[in-house]
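Participant: My questions will all concern the structure given below.
In our numbering, the protein residues as written are 4 to 174.
Right under this line is the structure:
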């Protein structure tokens with residue numbers, strides 16, 4: 004009997020040596036810190052000399068400006084921004100970020116009943132490193148009073164970034 008207990012104990016001890024230890028994994032679906040997302044702000048053309056450009060900023064302090072039309076520079080320019088500038092830009096846009104997918108304020112959409120023509124637009128895309136994103140499109144011709152806060156926020160947001168030398172003076 005004693006030999007049988009010793010044999011079972013030795014077998015258990017031998018099998019325990021075959022296991023491997025792994026570092027604990029992050030839970031499936033664990034959120035990625037929001038601080039790691041990039042934000043792209045793009046403007047659309049108007050019936051005039053509105054600047055058309057895109058700018059992407061990242062929390063690591065890097066940014067890329069791409070001048071397309073009616074800007075002081077055309078093409079891509081890299082720049083740096085401070086953590087405070089990134090945080091202020093992000094905070095200015097945050098109230099209008101969709102929870103998922105895309106939200107559009109455009110002619111023919113329910114949230115854009117009164118429309119002025121020939122106005123510019125702004126499109127904001129928040130992208131996490133895993134590739135998912137949320138998108139907001141706003142046509143500045145959506146003149147209803149309930150849209151004034153979003154129009155002001157989107158119109159003022161680029162002023163929080165160090166890109167004025169790329170955009171240039173505007174009429």
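Yeah, the Cβ is synthetic: ideal placement off N, Cα and C, and Gly gets one too.
Within its chain, find whatever has a CB closer than 8 Å to the CB of residue 74; leave out the 5 residues flanking it on each side and keep chain order.
Facilitator: 54, 55, 56, 169, 170 and 171
Participant: For residue 15, I'd like the list of residues in its chain whose CB is within less than 8 Å of its CB, leaving aside the five on either flank, ordered along the chain.
Facilitator: Confidence at residue 15 is low in this model, with a pLDDT of 41, below 50, so the placement of that residue should be treated as unreliable; the coordinate-derived value is given next. Answer for residue 15: no residue qualifies.
Participant: Taking only the alpha-carbon atoms, compute the straight-line gap between residue 156 and residue 146 and give it to the nearest angstrom.
Facilitator: 14 Å
Participant: Rounded to whole angstroms, what is the Cα-Cα separation between residue 84 and residue 66?
Facilitator: 7 Å
Participant: Using the Cα positions of residue 163 and residue 113, report the straight-line distance between them to the nearest angstrom.
Facilitator: 30 Å
Participant: Please work out which residues of its chain come closer than 6 Å, Cβ to Cβ, to residue 80, disregarding the five sequence neighbours upstream and downstream, and give them in chain order.
Facilitator: 68 and 169
Participant: Along the chain, where does the beta strand (DSSP E) that runs through residue 137 open and close?
Facilitator: 136-142
Participant: Which same chain residues, not among the five before or five after residue 59, have their C-beta less than 6 Å away from its C-beta?
Facilitator: 41, 43 and 67
Participant: If I measure Cβ to Cβ from residue 154 and keep anything under 8 Å in the same chain, skipping five residues before and after, which residues do I get?
Facilitator: So the list reads 141, 143 and 145, once near-sequence residues are dropped.
Participant: Using the Cα positions of residue 30 and residue 128, report the straight-line distance between them to the nearest angstrom.
Facilitator: With a pLDDT of 37 at residue 30, under the threshold of 50, the modelled position of that residue is not reliable, and the figure given next carries that caveat. Their backbone Cα atoms lie some 27 Å apart in a straight line.
Participant: How about residue 137 and residue 98: do their beta carbons lie closer than 7 Å?
Facilitator: no
Participant: Taking the Cβ atom as the reference point for each residue, do residue 64 and residue 124 lie within a distance shorter than 7 Å?
Facilitator: no
Participant: Relative to the alpha-carbon of residue 49, which residue among 106, 62 and 119 has its alpha-carbon at the smallest distance?
Facilitator: 119
Participant: Ignore the nearest five residues each way along the sequence and tell me which others in residue 91's own chain have a CB closer than 6 Å to its CB.
Facilitator: 163
Participant: Just to confirm my understanding: we take residue 167, look at its own chain, exclude 5 residues before and 5 after, and list those with CB closer than 6 Å. What are they?
Facilitator: none
Participant: Kindly indicate which three-state DSSP category residue 131 falls into: helix, strand or coil?
Facilitator: coil
Participant: Could you give the first and the last residue of the continuous beta strand (DSSP E) run that contains residue 170?
Facilitator: Taken as a continuous stretch (DSSP letters only), residue 170 belongs to no beta strand (DSSP E), being part of the alpha helix (DSSP H) at 167-170.
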